[in-house]
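Protein chains in written order, with the numbering used here: chain A, 168 to 436; chain B, 94 to 397.
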Amino acid sequence: MSDLKQMWIMTKYQFKNYMRAKRLYILLLITSLVIALIVSVNVYFGNPSDETVKKTASNFANFSEILVVLTALFFGGDAIAGEYQNKTGYFLLPNPIRRYVIYWGKYFASLLAGAVVLLLYLISGMLYTFYFHSTIPPEYLYSMLYSFVFLVSLLAFTYLFSTFFKNGAVALTIVAILYFFVFNIIDGVSQIASVEPWFSITYAAGIITLVFQGSYMGDYLHSQVIHAGKGLTITVYNPYLWEGVAIMLGYFIISAIIGTLIFQRKEMK
Amino acid sequence: MYMEAVNLTKKYGNFYALRDLNVKFEGAKCIGYLGPNGAGKTTTLKLFTNLLNPTSGEAIINGYNVKKELKKALKDVGTLIETPGFYSYLTPVELLNMLCEIRMANKCDVKNALEEVGMYEWKDKKVGKFSKGMKQRIAIAAALVTNPEILILDEPTTGMDPRGMAEIRQVIKNLKKDKRMILMSSHLLPEVTEVCDEVAMINRGKLLLYESIDKLNEKFRGNSVTVSAINEIDENKIMEIEGVKSVEKLSDRKVRIDFEDGAEMQYRLLSELIAMGIKVVDYRASGMALEKAYLQMIGGETNE
Chain A
168 MSDLKQMWIM TKYQFKNYMR AKRLYILLLI TSLVIALIVS VNVYFGNPSD
218 ETVKKTASNF ANFSEILVVL TALFFGGDAI AGEYQNKTGY FLLPNPIRRY
268 VIYWGKYFAS LLAGAVVLLL YLISGMLYTF YFHSTIPPEY LYSMLYSFVF
318 LVSLLAFTYL FSTFFKNGAV ALTIVAILYF FVFNIIDGVS QIASVEPWFS
368 ITYAAGIITL VFQGSYMGDY LHSQVIHAGK GLTITVYNPY LWEGVAIMLG
418 YFIISAIIGT LIFQRKEMK
Chain B
94 MYMEAVNLTK KYGNFYALRD LNVKFEGAKC IGYLGPNGAG KTTTLKLFTN
144 LLNPTSGEAI INGYNVKKEL KKALKDVGTL IETPGFYSYL TPVELLNMLC
194 EIRMANKCDV KNALEEVGMY EWKDKKVGKF SKGMKQRIAI AAALVTNPEI
244 LILDEPTTGM DPRGMAEIRQ VIKNLKKDKR MILMSSHLLP EVTEVCDEVA
294 MINRGKLLLY ESIDKLNEKF RGNSVTVSAI NEIDENKIME IEGVKSVEKL
344 SDRKVRIDFE DGAEMQYRLL SELIAMGIKV VDYRASGMAL EKAYLQMIGG
394 ETNE
């Protein structure tokens, strides 16, 4: 019981720190600007009322994957590494509090901050869609759910990387390179090699937008071979909805276990 | 209350930062933990505060192994290790409250802790703007805020100006009155002599000595004094005093006298100097017992 209470205390102060450091407000501002951009571009260059409700809703869902990545970087990148770099670990760690309590207390604060940002964005998308179509497609709600699953797993994965390093900036940069380049390269190479990238979290996150495809949820091809000329074939893979969720949960579980164990043993030298 | 190291060892590759340390600190007292840079002082303190994992052996506080029963072991321990960083957007009051909440402490006096270290007027300012000395004071307040019975202080006056150092020494002396154990590492021998009751010396990861300051004074007592007077001193007359081995004239009114060992002799020498008309205004032993012990045990070496 006391572990849970201490975890809540960690969450509370970490969240307070996000607010004081203006990180949360900065990301909320960025999100608001993106919302304004999406709305103004779609209204100015098109007519959302003439689109299908799924098309209107998916306009918003497209960016939520990137927003989750930004959120994970903002709140997770240096969460653990920063304790070593800024020597705050000397203040926090020599106390009667277990390391996993600190780890998960911080994680929940990051998750809460990320959820606030994501909710602002996705609720704006709901309002936008409802304004033009007077309805919200169920696909949008699923897409929201998948976005949150992605946030939970990507944040855990980011925390794992944060435990590897003792410099917050290095941790943040490595994680950013990983999400924006490495995973995309892996996904691309897998297509050429005709190997389903079931081990890639960005591949799994594809379900956030795939849910809008077809006439019903899950109505899309799992794989599609494209002949690119001169004997070259590319296999485009799309994860099943259940598969995407399973991969993301797998990332969460493995990252959570390894991250917690590493932090448990990590020393303040 | 006690802290005990049982075969406590910390090894990095082939290098022993601490090797088979066996020592028990017990009771309400201040223990100075001395050694040159790299001797293993901070390593010991970090092992007792769960910042490092021992390679082998145990760090025990009040019967609880720090590694296995962390919450019980550190329940009543206040710590200051190196100069800690603080969450720069929080204020001293918020930081100390956070600590009280995390420690789930029954006793928590933020106001008193901040007043003790002279930081109460800064209580609502963000810590990020503080100087190193101010942060060190906040770190000491953090160690004190839950009124723990054991305090582990790693060079507590580091980064402070002379006035700040004197104030913190006074704070530590005051803390001793409240029946606590204070384990304090330091490079500063006069600081340890002034504040502590016992001293432990360590070098190359091995404990060399653990004695009370009183016993050290007996063992390593100085056998020379420097005397200053307001009238001229005749060194030839001093040589006639029984037990005086040599007199070195430093100036007309200042001499250094070597004598046969013993506190009694030191006292008698002063009496005789006054009796022979020397108007003594300063009479002090040359060199501290602790300094002698340190130099004898460790020499001038550093491990860096």
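Glycine included, each C-beta is placed from N, C-alpha and C at the ideal position.
Just so we're clear, the structure is a prediction, and the values are computed from it rather than from any experiment.
With 16 other Cβ atoms within 10 Å as the buried cut-off, status of residue i
i, result
"residue 401 of chain B", "Nothing about residue 401 of chain B can be reported from this structure: the residues present for chain B run from 94 to 397 only."
"residue 205 of chain B", "exposed"
"residue 248 of chain A", "buried"
"residue 200 of chain A", "exposed"
"residue 409 of chain A", "exposed"
"residue 420 of chain A", "exposed"
"residue 369 of chain B", "exposed"
"residue 283 of chain B", "exposed"
"residue 200 of chain B", "exposed"
"residue 377 of chain B", "exposed"
"residue 369 of chain A", "buried"
"residue 389 of chain B", "exposed"
"residue 198 of chain A", "buried"
"residue 107 of chain B", "exposed"
"residue 339 of chain B", "exposed"
"residue 367 of chain B", "exposed"
"residue 247 of chain B", "buried"
"residue 36 of chain B", "In the structure as shown, chain B begins at 94 and stops at 397. Residue 36 of chain B is therefore absent and cannot be evaluated."
"residue 356 of chain B", "exposed"
"residue 233 of chain A", "exposed"
"residue 397 of chain B", "Model confidence at residue 397 of chain B stands at a pLDDT of 43, short of 50, so the residue's coordinates are unreliable; what they give is reported in the following sentence. With fewer than 16 other Cβ atoms within 10 Å, it is exposed."
"residue 388 of chain A", "exposed"
"residue 436 of chain A", "exposed"
"residue 514 of chain A", "The structure shown does not extend to residue 514 of chain A, since chain A is modelled only from 168 through 436, so no value can be given for it."
Contacting residues, own chain, Cβ-Cβ under 6 Å from residue i (five flanking each side not counted)
i, result
"residue 123 of chain B", "269, 275, 288, 289 and 290"
"residue 404 of chain A", "363 and 390"
"residue 236 of chain A", "346"
"residue 158 of chain B", "151"
"residue 268 of chain A", "170, 173 and 174"
"residue 418 of chain A", "320, 324 and 368"
"residue 166 of chain B", "154, 157 and 159"
"residue 345 of chain B", "325"
Paired residues, beta bridge with residue i - DSSP
i, result
"residue 302 of chain B", "B/294"
"residue 194 of chain B", "The partner list for residue 194 of chain B (beta bridge, DSSP) is empty, contrary to what the question assumes."
"residue 391 of chain A", "A/403"
"residue 123 of chain B", "B/275"
"residue 114 of chain B", "B/101"
"residue 180 of chain A", "Beta-bridge pairing links residue 180 of chain A to no other residue."
"residue 339 of chain B", "B/351"
"residue 173 of chain B", "B/246"
"residue 108 of chain B", "B/105"
"residue 318 of chain B", "B/350 and B/378"
"residue 95 of chain B", "B/119"
Proximal residues to residue i (C-beta, below 8 Å), its chain only, five neighbours per side dropped
i, result
"residue 347 of chain B", "319, 320, 321, 322 and 326"
Sequence-distant residues of its chain with Cβ nearer than 7 Å to residue i (five each side left out)
i, result
"residue 82 of chain B", "The requested residue 82 of chain B is not part of the displayed model; chain B covers only 94 to 397."
"residue 342 of chain A", "240, 244, 325 and 328"
"residue 206 of chain A", "295"
"residue 145 of chain B", "103, 136 and 139"
"residue 190 of chain B", "203"
"residue 232 of chain B", "173, 176 and 177"
"residue 226 of chain B", "252, 253, 254 and 257"
"residue 119 of chain B", "95"
"residue 216 of chain B", "184, 185, 186 and 207"
Residue i Cβ short of 7 Å to the ligand ZN heavy atom set
i, result
"residue 267 of chain A", "For the structure depicted, the ligand ZN is absent and the ligand set is empty, with no information on it obtainable."
Query raised in the report: Is there contact here, the stretch 276-293 of chain B with the stretch 120-128 of chain B, by at least three beta-carbon pairs under 8 Å?
Result: yes
Point to revise | Three CB pairs or more closer than 8 Å across the stretch 185-204 of chain B and the stretch 264-278 of chain B | key: no
Where in the stretch 236-274 of chain B do unbroken runs of the alpha helix (DSSP H), each at least 4 residues long, occur, reported from the N-terminal end onward?
255-269
* **the stretch 249-257 of chain B contacting the stretch 419-435 of chain A, beta-carbon criterion three pairs below 8 Å** => no
Q.
Is it the case that the stretch 279-290 of chain A contacts the stretch 348-366 of chain A, given that we only count it when at least three CB pairs across the two stretches are under 8 Å?
A. Flag = no, the stretch 348-366 of chain A and the stretch 279-290 of chain A do not touch.
Q | the stretch 219-232 of chain A contacting the stretch 259-279 of chain A, beta-carbon criterion three pairs below 8 Å | A | Not touching, per the Cβ criterion.
Original post:
Any chance the stretch 165-184 of chain B sits against the stretch 247-266 of chain A, with 3 or more Cβ pairs inside 8 Å?
Top reply: By the C-beta criterion, the stretch 165-184 of chain B is judged to be in contact with the stretch 247-266 of chain A, since at least 3 inter-stretch pairs fall below 8 Å.
Open item on the list: Quick check: the stretch 98-113 of chain B against the stretch 143-159 of chain B, are at least 3 beta-carbon pairs closer than 8 Å?
Closed with: yes
Does the stretch 259-271 of chain A come close enough to the stretch 295-306 of chain A that 3 or more CB-CB pairs lie under 8 Å?
no
Where are the alpha helix (DSSP H) runs, 4 residues long or more, that stay fully inside the stretch 349-390 of chain B, in chain order?
You should have 356-368 and 382-390.
Mind listing, in chain order, the continuous beta strand (DSSP E) runs of no fewer than 3 residues lying wholly within the stretch 141-170 of chain B? Those beta strand (DSSP E) runs which fall completely within the stretch 141-170 of chain B and span 3+ residues are 149-154.
Could you name each continuous alpha helix (DSSP H) segment of 4 residues or more that falls completely within the stretch 242-329 of chain A, going from the start of the chain to the end?
248-252, 256-259 and 266-300
Could you tell me which whole alpha helix (DSSP H) segments of length 4 or greater appear in the stretch 199-228 of chain B?
203-209
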